[in-house]
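Have a look at the structure below, then the notes.
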Amino acid sequence: MIEKYAVIGNPIGHTKSPLIQGMFAESIGKKIEYTAILGELGQFASTIDAFRASGGRGLNITAPFKLDAFAYATDLSQRARMAGAVNAMKFDGDRVYAENFDGVGLVRDVITNLHCPLAGKRVLVLGAGGAVRGALLPFLEQKPARLVIVNRSVDKAKELAAAVDAECPLSGVGYGDLAGQQFDVVFNATSASLRGELPPVQTTVFADDCLAYELAYGKGLTPFLRLAQNAGVQHIADGVGMLAEQADPGGHARTGHAGALLEAVAGRKLDRADLVHDDLLGQHAVVGQAQRGVRAVVRSMRVRLGEGSRDAVADLEPEHPLAHGDHLARAV
Ligand code: ATR
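For the sequence shown, the residue numbers in the numbering used here are 431 to 762.
Structure, rendered in structure tokens:
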């Protein structure tokens with residue numbers, strides 16, 4: 431019997447996930463049906479009930495349904511529980527196993543694409559909202575030397591730090607508490623960049639050879655990245671690579687996220703990236719090449735980000751195919 435999978439979102443018309451998922455499944459000799467579901471707001475549970483009743487095996491969840499998916503799940507992974515949001519689930523009888531791969535994608539991007547291991551590093555995270563909740567456990571799994579969460583509303587940062595059992599020193603502080611402290615990696619996980627705002631962080635936090643990482647993507651040099659660059663930070667990156675890298679610890683959801691990346695790229699009409707997009711969809715229906723295409727998109731977007739600044743993010747590793755495994759057999 432053909433296995434049924436889907437991606438649900440609203441809007442969803444622009445998704446490339448079905449095409450890419452189909453392509454990947456074919457490459458591992460699997461026959462699947464992967465559709466895009468335009469979910470109606472407030473109807474998540476009944477829509478998914480119907481999908482399961484029709485034989486649906488698994489689902490990718492995109493905006494605005496990640497919280498609905500969290501509520502729907504019967505078995506939340508630790509990461510999903512911590513994040514309070516779900517972006518992939520699989521169905522097994524009555525059970526609904528749910529995951530959140532957002533933070534995993536971020537960590538993989540930093541380690542794999544940017545060659546910046548977090549182990550032993552002093553890590554600063556700006557913000558204490560949903561994005562940070564999703565990234566916190568994956569960060570801690572890397573065993574940084576210490577991790578500091580800084581937030582405008584200090585209580586939120588303290589609560590978040592207190593909610594986790596960490597092996598390394600972990601604290602939640604206010605921006606004023608950072609005086610005299612330096613960090614090897616600084617993540618801007620606030621939503622400030624979405625409004626062109628700058629979080630009130632001092633440039634003294636950037637240690638020599640620091641990486642400044644903006645979780646937002648497609649915004650070019652955000653006020654945070656500009657601040658870092660003006661302060662002489664050599665390594666800057668935005669969050670585009672997160673999309674490419676989400677969720678492949680066991681070969682789980684990679685292809686869905688390749689699709690998400692392409693959507694993001696196409697939606698922003700970046701010329702070079704669009705070329706890669708066409709190339710990927712038109713000519714190379716092969717896993718390795720598709721992954722190289724995603725890598726190329728990431729690089730091309732990052733080169734744009736760093737245009738004129740000769741920043742180090744253009745210096746990504748050579749393209750190489752990534753393992754994909756039997757992702758569809760186990761989850762979407
Ligand atoms: P998300 O899910 O994207 O993390 P969120 O849960 O609304 O969004 O959280 C937004 C985060 O960005 C919060 O940590 C917020 O700080 P407060 O909790 O103090 O509101 C932070 N943020 C938003 N705009 C900011 C700004 N201009 N400067 C500093 N922090 C900002």
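Note that the Cβ used here is the ideal one computed from N, Cα and C, for glycine as well.
As the structure is a computational prediction, the values presented were derived from the model and not from experiment.
Best match in the options for proximity to residue i [C-alpha to C-alpha]
i, options, result
"residue 469", "598, 436 and 487", "436"
"residue 544", "489, 434 and 641", "641"
"residue 578", "619, 466 and 464", "619"
"residue 575", "559, 561, 550 and 628", "550"
"residue 568", "585, 556 and 540", "540"
"residue 441", "491, 484, 514 and 636", "491"
"residue 532", "516, 542 and 662", "516"
"residue 535", "509, 514 and 559", "509"
Length of the line joining the Cα atoms of residue i and residue j
i, j, result
"residue 473", "residue 538", "34 Å"
"residue 609", "residue 580", "12 Å"
"residue 505", "residue 607", "38 Å"
"residue 439", "residue 476", "14 Å"
"residue 643", "residue 554", "10 Å"
"residue 423", "residue 617", "Coverage of the chain is limited to positions 431 through 762, which leaves residue 423 absent and any answer about it impossible."
"residue 633", "residue 518", "37 Å"
"residue 589", "residue 602", "7 Å"
"residue 646", "residue 524", "37 Å"
"residue 548", "residue 615", "8 Å"
"residue 443", "residue 530", "23 Å"
"residue 565", "residue 503", "20 Å"
"residue 471", "residue 666", "37 Å"
"residue 463", "residue 481", "12 Å"
"residue 591", "residue 557", "12 Å"
"residue 507", "residue 493", "20 Å"
"residue 500", "residue 478", "13 Å"
"residue 604", "residue 628", "15 Å"
"residue 526", "residue 658", "43 Å"
"residue 559", "residue 594", "15 Å"
Per DSSP, cross-strand counterpart(s) of residue i
i, result
"residue 435", "464 and 488"
"residue 601", "578"
"residue 506", "528"
"residue 672", "DSSP lists no partner for residue 672."
"residue 607", "Beta-bridge pairing links residue 607 to no other residue."
"residue 521", "526"
For residue i, the first and last residue of its enclosing alpha helix (DSSP H)
i, result
"residue 562", "560-571"
"residue 552", "Here residue 552 belongs to no alpha helix (DSSP H); instead the beta strand (DSSP E) covers 552-556."
"residue 480", "474-483"
"residue 543", "Premise fails: residue 543 is in no alpha helix (DSSP H) and is neither H nor E."
"residue 654", "653-660"
The beta strand (DSSP E) enclosing residue i, as first and last residue numbers
i, result
"residue 644", "636-644"
"residue 595", "Taken as a continuous stretch (DSSP letters only), residue 595 belongs to no beta strand (DSSP E), as it is neither H nor E."
"residue 515", "Per DSSP, residue 515 belongs to no beta strand (DSSP E) and is neither H nor E."
"residue 613", "613-618"
"residue 667", "665-667"
Buried/exposed call for residue i, threshold 16 Cβ in 10 Å
i, result
"residue 623", "buried"
"residue 512", "buried"
"residue 625", "exposed"
"residue 496", "buried"
"residue 692", "Its pLDDT being 39, under 50, residue 692 is placed unreliably in this model, and the value from its coordinates should be taken loosely. Residue 692 is buried by the Cβ-count criterion."
"residue 840", "Not covered by the structure: residue 840. The range shown for the chain is 431 to 762."
"residue 520", "buried"
"residue 655", "buried"
"residue 432", "exposed"
"residue 597", "exposed"
"residue 528", "buried"
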